[in-house]
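Chains as they are written, first to last, in our numbering: chain A, 58 to 169; chain B, 13 to 127. Don't be surprised by glycine CBs; every beta carbon is placed ideally from N, CA and C. None of the values given here were measured: they were computed from a predicted structure. First the structure, in the form of structure tokens, and then the observations on it.
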Amino acid sequence: AQSVTQPDIHITVSEGASLELRCNYSYGATPYLFWYVQSPGQGLQLLLKYFSGDTLVQGIKGFEAEFKRSQSSFNLRKPSVHWSDAAEYFCAVYGYGNKLVFGAGTILRVKS
Amino acid sequence: GAGVSQSPSNKVTEKGKDVELRCDPISGHTALYWYRQSLGQGLEFLIYFQGNSAPDKSGLPSDRFSAERTGGSVSTLTIQRTQQEDSAVYLCASSLGGGNTDTQYFGPGTRLTVL
Numbered sequence: 058a059q060s061v062t063q064p065d066i067h068i069t070v071s072e073g074a075s076l077e078l079r080c081n082y083s084y085g086a087t088p089y090l091f092w093y094v095q096s097p098g099q100g101l102q103l104l105l106k107y108f109s110g111d112t113l114v115q116g117i118k119g120f121e122a123e124f125k126r127s128q129s130s131f132n133l134r135k136p137s138v139h140w141s142d143a144a145e146y147f148c149a150v151y152g153y154g155n156k157l158v159f160g161a162g163t164i165l166r167v168k169s
Numbered sequence: 013g014a015g016v017s018q019s020p021s022n023k024v025t026e027k028g029k030d031v032e033l034r035c036d037p038i039s040g041h042t043a044l045y046w047y048r049q050s051l052g053q054g055l056e057f058l059i060y061f062q063g064n065s066a067p068d069k070s071g072l073p074s075d076r077f078s079a080e081r082t083g084g085s086v087s088t089l090t091i092q093r094t095q096q097e098d099s100a101v102y103l104c105a106s107s108l109g110g111g112n113t114d115t116q117y118f119g120p121g122t123r124l125t126v127l
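And the structure:
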């Protein structure tokens, strides 16, 4: 069965520092991968997605992610974090039956 | 344009009561999904609609949960005889066609608290 693992429950970074959030997936076929962000009390907002083609995808708010098939990973990166990036981040893969399978999420805290 | 809307935003109910949660998808989106977000279980898929049909109900946790969609638009998730373990945020999403290359757009959710 398909699954997504986000190894880090919490991450704290200083404002202006770089960020990498890890995501590993398990899926038998070509994965369709997503990163969503959720601010407190809000729904999920799509940051970026990977379907095929270039393995480095650009998203909104300066985020990017790199698909590495050999490592079954889809890590999210940002070169310089802003205080407004503090939120919870979810990696997801499209599973069988058109449903999204989510990781447990990573809570990002930003130190000023 | 307007995004996915959900109502109510918050619902507090007593154990044993029935509740209805509503989702208004993005206009023109044929696919609609319900997910549940709870502390212990994370984000879980509940049900998927294509038009008014639900080809995948596999995520509904018990027969107390049901959902319908009318006119290919609004959907209602009903929980009968609510239990405390039903307390969660219920998220609705819609996508243009329901294919696995279609992005799902999420609403703000309904926070359900069962006392």
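A contact between stretches requires three or more CB pairs, one per stretch, nearer than 8 Å, and the region 117 to 126 of chain A fails this requirement with the region 67 to 74 of chain A.
Under the DSSP assignment, serine 129 (chain A) falls outside any beta strand (DSSP E); it carries neither an H nor an E label.
Approximately 26 Å separates the beta-carbon atoms of arginine 93 (chain B) and aspartate 36 (chain B); this is outside 8 Å, ruling out the contact.
If you draw a 10 Å sphere on the C-beta of threonine 163 (chain A), you find 16 or more other C-beta atoms in it, and that means buried.
Only those residues of the region 111 to 122 of chain B whose C-beta falls short of 9 Å from the nearest C-beta of chain A are listed: Gly111, Asn112, Thr113, Asp114, Thr115, Gln116, Tyr117, Phe118, Gly119, Pro120 and Gly121.
Secondary-structure assignment with DSSP links phenylalanine 77 (chain B) through a beta bridge to B:Ile91. The beta carbons of arginine 81 (chain B) and phenylalanine 61 (chain B) sit about 5 Å from each other, so the pair counts as a contact at 8 Å. For serine 75 (chain A), the three-state secondary structure derived from DSSP is coil.
Interface with chain B (9 Å Cβ-Cβ cutoff): glutamine 99 (chain A) is included. What phenylalanine 57 (chain B) touches in chain A, judged by beta-carbon distance under 9 Å, is Gly152, Gly154, Lys156, Leu157, Val158 and Phe159, going in chain order.
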